[in-house]
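Order-wise, the sequence lines are chains A and B.
In terms of my numbering, the first sequence opens at residue 9 and continues consecutively.
In terms of my numbering, the second sequence opens at residue 2 and continues consecutively.
Worksheet: the structure to be examined is printed underneath.
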Amino acid sequence: MSRGWKLMKDIEQCIEEVSVEDLQKAAQILRRNAALWPKYAKLAMKDVLRIEREIEKRQNDQQQD
Amino acid sequence: MGIMPLALDEKLVESIVGEVMHRLRPTAQPVRAAVAPACPSPLAPQPSATFAVTDRVVTAELLASRLNGQKWAKVAICPKAVITPSAFDYLRTHKIVWHRNTAEAAPNPNKPITRWKALIVTATPSVLQAVEHTESQTFGKQWSHELLGGVDEAISAATSAINRGEVSGISIFADHAELIACRANRSERVNAAVVSDVQLIPALKQYMNLNLMVVRSSGRSFFELRNLLKEFGRSGDGAS
Numbered sequence: 009m010s011r012g013w014k015l016m017k018d019i020e021q022c023i024e025e026v027s028v029e030d031l032q033k034a035a036q037i038l039r040r041n042a043a044l045w046p047k048y049a050k051l052a053m054k055d056v057l058r059i060e061r062e063i064e065k066r067q068n069d070q071q072q073d
Numbered sequence: 002m003g004i005m006p007l008a009l010d011e012k013l014v015e016s017i018v019g020e021v022m023h024r025l026r027p028t029a030q031p032v033r034a035a036v037a038p039a040c041p042s043p044l045a046p047q048p049s050a051t052f053a054v055t056d057r058v059v060t061a062e063l064l065a066s067r068l069n070g071q072k073w074a075k076v077a078i079c080p081k082a083v084i085t086p087s088a089f090d091y092l093r094t095h096k097i098v099w100h101r102n103t104a105e106a107a108p109n110p111n112k113p114i115t116r117w118k119a120l121i122v123t124a125t126p127s128v129l130q131a132v133e134h135t136e137s138q139t140f141g142k143q144w145s146h147e148l149l150g151g152v153d154e155a156i157s158a159a160t161s162a163i164n165r166g167e168v169s170g171i172s173i174f175a176d177h178a179e180l181i182a183c184r185a186n187r188s189e190r191v192n193a194a195v196v197s198d199v200q201l202i203p204a205l206k207q208y209m210n211l212n213l214m215v216v217r218s219s220g221r222s223f224f225e226l227r228n229l230l231k232e233f234g235r236s237g238d239g240a241s
């Protein structure tokens with residue numbers, strides 16, 4: 009779980025600089041963590057949603073361009 | 002008549018020597034400085050060369066562009082830089098060892114590298130997780146692990162590694178812990194003990210110079226096993 013928490017902390021620091029591929033991988037790691045540690049699943053899924061929102065935003069921006 | 006010119010000459014010689022030394026001093030420093038840096042040229046990377054990345058965010062694209070297709074064995078990354086998951090994958094697939102560019106991570110020729118090994122006979126998810134966690138904590142430099150098929154194989158691997166001085170200590174994870182410790186102790190240099198409590202390790206290291214820790218892996222949590230490995234691998238203790 010600590011890795012997921014650290015990962016989200018890192019991703020938040022530079023969310024605009026990382027690629028969509030990185031965001032997808034981060035979401036995948038967090039999803040796996042949520043499955044492994046049910047106690048922290050809610051927190052991890054919140055982070056996943058935050059990342060997915062960012063991915064969606066990027067995709068919308070691309071379409072508009 | 003002849004003494005005065007001699008005294009003058011001595012003073013003159015001293016002043017000339019002083020002046021020459023004074024003039025030589027500033028020029029001597031750049032010469033020494035020019036010899037000191039041993040940074041590898043990026044044009045000709047050597048297998049053991051380290052490439053330093055100074056960016057705040059390290060991604061796979063950044064690494065691919067910086068390393069430029071050349072084979073670097075190690076990459077040094079800034080202490081507070083963010084390494085993205087794709088960068089981790091890039092480093093893993095290209096088999097590049099990475100470390101934070103800190104004083105601790107810098108190689109110190111005076112300090113010998115201690116090596117520890119985990120031999121896994123009975124593999125449980127907690128054991129694998131604890132071993133992998135310990136390995137990643139030391140950047141794969143101190144700990145390594147091996148999956149083995151049986152007790153005999155583990156005993157022979159452990160005793161041969163200790164006898165040849167390849168490792169500072171070995172930890173075996175198996176259900177037949179007592180049997181392994183008993184049979185391994187027949188070898189002269191092996192000091193094996195079954196360890197169930199992390200608090201026993203310092204005493205065992207001090208009194209019997211423990212170099213083979215045998216742990217019964219079933220029913221152990223990740224945290225217990227991680228703490229055992231952490232305590233056993235703590236350097237500066239008496240393990241030979």
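Beta carbons are placed, not taken as given, at the ideal position from N, Cα and C, and that holds for glycine.
Contact list for residue i against chain B, beta-carbon separation under 7 Å
i, result
"Glu25(A)", "Val58"
"Ile37(A)", "Pro86"
"Asp55(A)", "Those do not exist, as Asp55(A) stays about 13 Å from chain B at its closest Cβ, beyond 7 Å."
"Asp30(A)", "Thr60, Thr85, Pro86, Ser87"
Cβ distance (whole Å) where residue i is taken to contact residue j below 8 Å
i, j, result
"Ala185(B)", "His146(B)", "Contact doesn't hold; Cβ gap of about 18 Å is too wide."
"Gly151(B)", "Val122(B)", "7 Å"
"Thr51(B)", "Lys75(B)", "4 Å"
"Ser127(B)", "Arg235(B)", "The Cβ separation is near 21 Å, so there is no contact."
"Trp117(B)", "Gly170(B)", "5 Å"
"Thr85(B)", "Val59(B)", "7 Å"
"Leu226(B)", "Ala131(B)", "4 Å"
"Ala52(A)", "Asn68(A)", "Actually they do not touch by this definition, with Cβ atoms about 25 Å apart."
As assigned by DSSP and simplified to three states, the class of residue i
i, result
"Arg61(A)", "helix"
"Glu25(A)", "coil"
"Ile163(B)", "helix"
"Ile19(A)", "helix"
"Ala43(A)", "helix"
"Val132(B)", "helix"
"Arg187(B)", "coil"
"Ala124(B)", "coil"
"Thr94(B)", "helix"
"Arg66(A)", "helix"
"Lys72(B)", "coil"
"Val21(B)", "helix"
"Gln200(B)", "coil"
"Ser222(B)", "coil"
"Asp30(A)", "helix"
"Asp73(A)", "coil"
"Arg235(B)", "coil"
"Met9(A)", "Reliability of the predicted coordinates at Met9(A) is poor, the pLDDT of 46 falling under 50, and no value is obtained from them."
Own chain partners of residue i with C-beta closer than 6 Å, once the 5 adjacent residues on each side are dropped
i, result
"Met214(B)", "Ser172, Val196, Phe233"
"Arg190(B)", "Ile163, Asn164"
"Asp55(A)", "Met16, Leu38"
"Ala39(B)", "Model confidence at Ala39(B) stands at a pLDDT of 38, short of 50, so the residue's coordinates are unreliable and nothing is read from them."
"Asp90(B)", "none"
Strand pairing of residue i, partner residues [DSSP]
i, result
"Met214(B)", "Ser172(B), Ala194(B)"
"Lys118(B)", "Ser145(B), Ile171(B)"
"Ile286(B)", "Chain B is shown only over 2 to 241; residue 286(B) falls outside these bounds and no answer can be derived."
"Val83(B)", "Val58(B)"
Sequence-distant residues of the same chain with beta carbon closer than 7 Å to residue i, five excluded per side
i, result
"Arg58(A)", "none"
"Arg101(B)", "Ile78, Pro80"
"Val26(A)", "Ile19"
"Thr125(B)", "Ser218, Ser219"
"His134(B)", "Arg227"
"Val199(B)", "Asn228, Leu229, Glu232"
"Ala178(B)", "Val195, Val215, Val216, Arg217"
Chain-ordered neighbours of residue i on chain A, where CB pairs are closer than 7 Å
i, result
"Val83(B)", "Asp18, Gln21, Cys22"
Under 8 Å from the C-beta of residue i: neighbouring residues of chain A
i, result
"Glu62(B)", "Ser27"
8 Å Cβ cut-off: residues of chain B touching residue i
i, result
"Ala34(A)", "Thr85, Pro86"
Own chain partners of residue i with C-beta closer than 8 Å, once the 5 adjacent residues on each side are dropped
i, result
"Ile63(A)", "Val28, Leu31, Gln32, Ala35"
"Val54(B)", "Leu63, Leu64, Arg67, Val76, Ala77, Ile78, Cys79, Ala82"
"Ala182(B)", "Ala193, Ala194, Val195, Leu213, Val215"
"Asp176(B)", "Val122, Thr123, Arg217, Ser218, Ser219"
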